[in-house]
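In this note's numbering, the protein residues as written are 228 to 426.
Written out as structure tokens, the structure is:
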């Protein structure tokens, strides 16, 4: 069996198991999604959003990109935020980075990797903004971990600055923004920014 056939077989087994556990699961899921959470995370395959927080399909709206960035010119991310807030009425937005992020490491090292360089310029901006906190650290591993954390905190700030969140606050819609980081070495999440409201 080739790799893609295996994926389809895995899907059939998963769907059968979900139906075995809950015969109405897909019928309910097909009716509507009503997640309480928007997850803005990294595209890294080692950070599967629903799995690491123990949620099923339909329980979390997910947007992912390289290095979990929230860029005010990125219509993809802004559209996901707007849809989550205005249509799905999520109550929480979680920006989640992870240690060992290749995009953050490339930005830290000022490496050229291609088209993605333009995207990672936003992480480099975070790096230069916080050079004082990063440069004194003894090892590259420590600097990398620190930049991963600072990047999350900056993206939380970027979410809070969006017009979508300002408009939601103006109409009394309560949305809390969180900054988390995932450790791929132990599978644990840490809260970095604490719950925050729009600026």
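For each residue, glycine too, the CB sits at the ideal point set by N, CA and C.
The distance from the Cβ of residue 268 to that of residue 323 is about 4 Å, consistent with a contact at the 8 Å cut-off.
Per the DSSP secondary-structure output, residue 310 pairs with nothing in a beta bridge. Counting only residues of its own chain and dropping the five nearest sequence neighbours on each side, residue 379 has a CB closer than 8 Å to the CB of 295, 322, 323, 324, 406, 407, 408, 419, 420.
When the beta-carbon positions are compared, residue 346 and residue 293 come within less than 8 Å of each other. Just so you know, the alpha carbons of residue 257 and residue 284 end up roughly 11 Å apart. Three or more beta-carbon pairs separated by less than 8 Å link the stretch 258-267 to the stretch 302-319, which places the two stretches in contact. Residue 391 sits close to residue 308, with the two beta carbons spaced by under 8 Å. If the five residues before and after residue 377 are omitted, its C-beta is found closer than 6 Å to the C-beta atoms of 353, 357, all from its own chain and listed in chain order. The C-alpha of residue 279 is placed about 7 Å away from the C-alpha of residue 414. In the DSSP assignment, residue 287 falls within the beta strand (DSSP E) that extends over 287-292. Considering only 402, 395, 386, 326, the residue with the shortest C-alpha distance to residue 301 is 386. Annotation note: the stretch 313-398 contains the following uninterrupted beta strand (DSSP E) runs of length 3 or greater, listed N- to C-terminal: 319-325.
Across the structure, residue 371 and residue 411 are spaced so that their CA atoms are roughly 14 Å apart. For residue 239, the enclosing alpha helix (DSSP H) stretches over residues 230-248.
Relative to the Cα of residue 396, the nearest Cα in the group 374, 313, 290, 298 belongs to 313. Boundaries of the alpha helix (DSSP H) harbouring residue 256: 252-258, taken from the DSSP string. Taking residue 368 as the centre and dropping the five residues before and after it, the same chain places no C-beta closer than 7 Å to its C-beta. Setting aside the 5 residues that flank it on each side, residue 276 is surrounded in the same chain by 266, 268, 287, 289, each with a C-beta closer than 7 Å to its C-beta; the list follows chain order.
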